[in-house]
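Residue numbers (our numbering): 1 to 256. First the structure, in the form of structure tokens, and then the observations on it.
Here it is in structure tokens:
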């Protein structure tokens, strides 16, 4: 009898952290749902890599800020596999605004960022909880940021949204236990095309160098580092819930 393969849903998985996480779960023998919001081409490329690793893959367009899209994604996962064991809420957005430039931000900026980073993660979680509870013991992993703890990052609304995501992680861990675990990862400077595009080449390289100088391990974070943590929190960590795991190469510790 062919063993039943477990299933991971990873939002925002057409590049960067999400893509690395999808590939890792596929390499471990899981089926994966690859999600994108606009461009299907990189999502299909990630799906092809996952299929080459032996996974059954679905590619689903969905804007997680839309509750209807999240419910449609959940329905597609149910139709394909009848189960979901891990959800990684990775999709996120920001607006790059210097910290001191308060006049460059509007209420609409806050709403747009919160709609994805906080409300979207809630929508996706709510949509999948009934399906995930059919096979208790699964995990929900929210991708937060060290910005939520240090007051540094791409913009004030981004930092605040990740702080809200941390609080929601703890509350959902209480609400969904004991059948499901809910944790978050707070990475530092992650080398991704998304960050490079947002900062521009010069600021990106300067930021990476400054980060290495400040971190105890003298390193920036790779998407695969976050994927490793998402694998442990999702597929393992059976007695861990309500935690925000700092993944910053020792930046918050600071150098001697």
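Every residue gets a Cβ at the ideal spot worked out from N, C-alpha and C, and that includes glycine. Bear in mind the structure is a predicted one, so any value in this text is a computation, not a measurement.
Three or more C-beta pairs below 8 angstroms linking the stretch 125-137 and the stretch 70-78
yes
Identify whether residue 220 lies in helix, strand or coil by the three-state DSSP scheme.
coil
Decide yes or no for the touch test of the stretch 159-178 against the stretch 213-229: beta carbon pairs closer than 8 angstroms, at least 3 of them.
no
Can you look up residue 130 in the DSSP assignment and give me helix, strand or coil?
helix
If we call anything under 8 angstroms between Cβ atoms a contact, is residue 14 one with residue 94?
no
Any contact between the stretch 183-195 and the stretch 220-239? By contact I mean 3 or more CB pairs, one from each, below 8 angstroms.
yes
Output needed for residue 192: all residues of its chain with C-beta closer than 8 angstroms, excluding positions within five of it in sequence on either side, in chain order.
15, 16, 17, 223
Would you check if the stretch 75-95 and the stretch 51-59 touch, i.e. whether three or more CB-CB distances between them fall below 8 angstroms?
yes
Entirely within the stretch 17-105 and at least 3 residues each: give me those beta strand (DSSP E) ranges in chain order.
31-36, 57-61, 86-89
To the nearest angstrom, how far is the alpha carbon of residue 165 from that of residue 6?
26 angstroms
Go ahead and label residue 280 buried or exposed: buried means 16 or more other beta carbons lie within 10 angstroms of its beta carbon, across all protein chains shown.
No answer is possible for residue 280: the residues shown for the chain start at 1 and end at 256.
For residue 8, which residues in the same chain have their Cβ closer than 6 angstroms to its Cβ, ignoring the five residues on either side in sequence?
25, 30, 32, 86
For residue 74 and residue 131, which I take to be in contact (beta-carbon distance under 8 angstroms), what is that distance rounded to the nearest angstrom?
6 angstroms
Work out the CA separation of residue 84 and residue 135 for me, nearest whole Å.
8 angstroms
Name the one or two DSSP bridge partners that residue 245 has.
185
Indicate the three-state DSSP secondary structure (helix, strand or coil) for residue 7 in the structure shown.
strand
Which whole-angstrom value describes the C-beta separation of residue 188 and residue 247, a residue pair presumed to lie in contact below a C-beta threshold of 8 angstroms?
7 angstroms
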